[in-house]
Amino acid sequence: MKKKFIFSVIIILIIYGLGGILYHQYFKEEEIEIKNIDSIDNYPYVLNSNATSAMKDEFNNLKKILEKETVDEKDYASSITKLFIIDLYTLKNKLNKYDVGGTDYIYPPKVDNYKLKVTDTLYKYLEEKTKERTKDLPEVKNVNIINIEETLFNYNEEEYSGYIIEVSIEYEKDFGYDKEGTITVIKENDLYYIAEIQNKDEA
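Take 2 as the starting number for the sequence shown in my numbering and just add one per residue.
Encoded structure:
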């Protein structure tokens, strides 16, 4: 009786072990690992492995701008704006609603509020990136600078120089997302940040 019991336990353990192996091989979702594949010396900007072709092209453009002996301020601010828009409105490569695009370019004191707003609006219904997520999602193809002008921006009783930049947005497919917007970019410690975002409906 005891031998039969031990034999039964062994069989159960073998079946359980084989089941676990089969599950991991054929059914379990592989974790998506995102790595940094490029960076810019002396600047905090990095390019991730899940970047789209538009993101890669603009990152390379920013790299060229910042590697010049004299950095063109307007070009720098414009490129940061384009990268921000591409990352924010490209939902196709996001892992879930909390994987908020564009945070690297937001003025640091405003990052937390920015994330809360995006997860509650633009990313609110974004599902986990698994095999079950079949919904087609937006991917930004191009960002055009319509107008750029100098400005002074007040925040917490401090005044910052910067630019107000009007943009138009092109997508690989049109799902009805924002196509125009106005971005305020400010400068602090030789770095440009996104300080304010206004889409066409809010203007």
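The beta carbon of each residue, even a glycine, is placed where N, CA and C say it ideally should be. Note that this is a predicted model, so its numbers are computed, not measured.
Cβ distance (whole Å) where residue i is taken to contact residue j below 8 angstroms
i    : j    : result
I184 : I198 : 6 angstroms
I35  : N51  : 5 angstroms
K75  : Y164 : 7 angstroms
Sequence-distant residues of the same chain with beta carbon closer than 8 angstroms to residue i, five excluded per side
i    : result
K201 : D179, K180, E181 and G182
Y108 : Y156, I187, E189, Y194, I195 and A196
Start and end residues, alpha helix (DSSP H) containing residue i
i    : result
L67  : S54 to L67
E74  : E74 to Y90
D113 : V112 to D121
Beta-carbon contacts of residue i that lie in its chain and below 6 angstroms, excluding the five residues immediately before and after
i    : result
F85  : G103, Y106 and I195
K57  : none
K116 : V101
CA-to-CA distance, residue j to residue i, given in whole angstroms
i    : j    : result
E173 : N145 : 14 angstroms
S80  : E150 : 15 angstroms
L123 : G177 : 12 angstroms
D73  : L67  : 8 angstroms
A78  : Y193 : 6 angstroms
I170 : K142 : 8 angstroms
T82  : I166 : 8 angstroms
E189 : K125 : 31 angstroms
I38  : N157 : 36 angstroms
V168 : I87  : 11 angstroms
P110 : T152 : 20 angstroms
L48  : F60  : 7 angstroms
Y161 : D191 : 11 angstroms
T53  : T71  : 29 angstroms
Residue i - containing beta strand (DSSP E), residue span
i    : result
G163 : E159 to Y172
E181 : E181 to E189
N148 : V141 to Y156
N37  : N37 to S40
N200 : L192 to N200
Sequence-distant residues of the same chain with beta carbon closer than 7 angstroms to residue i, five excluded per side
i    : result
V112 : T104
N62  : S80
A55  : I87, V141, K142 and N143
I147 : E167, V168 and S169
At least 3 beta-carbon pairs within less than 8 angstroms: the segment 124–132 vs the segment 95–113: yes
Meets three-Cβ-pair contact criterion under 8 angstroms: the segment 81–95 and the segment 137–146: yes
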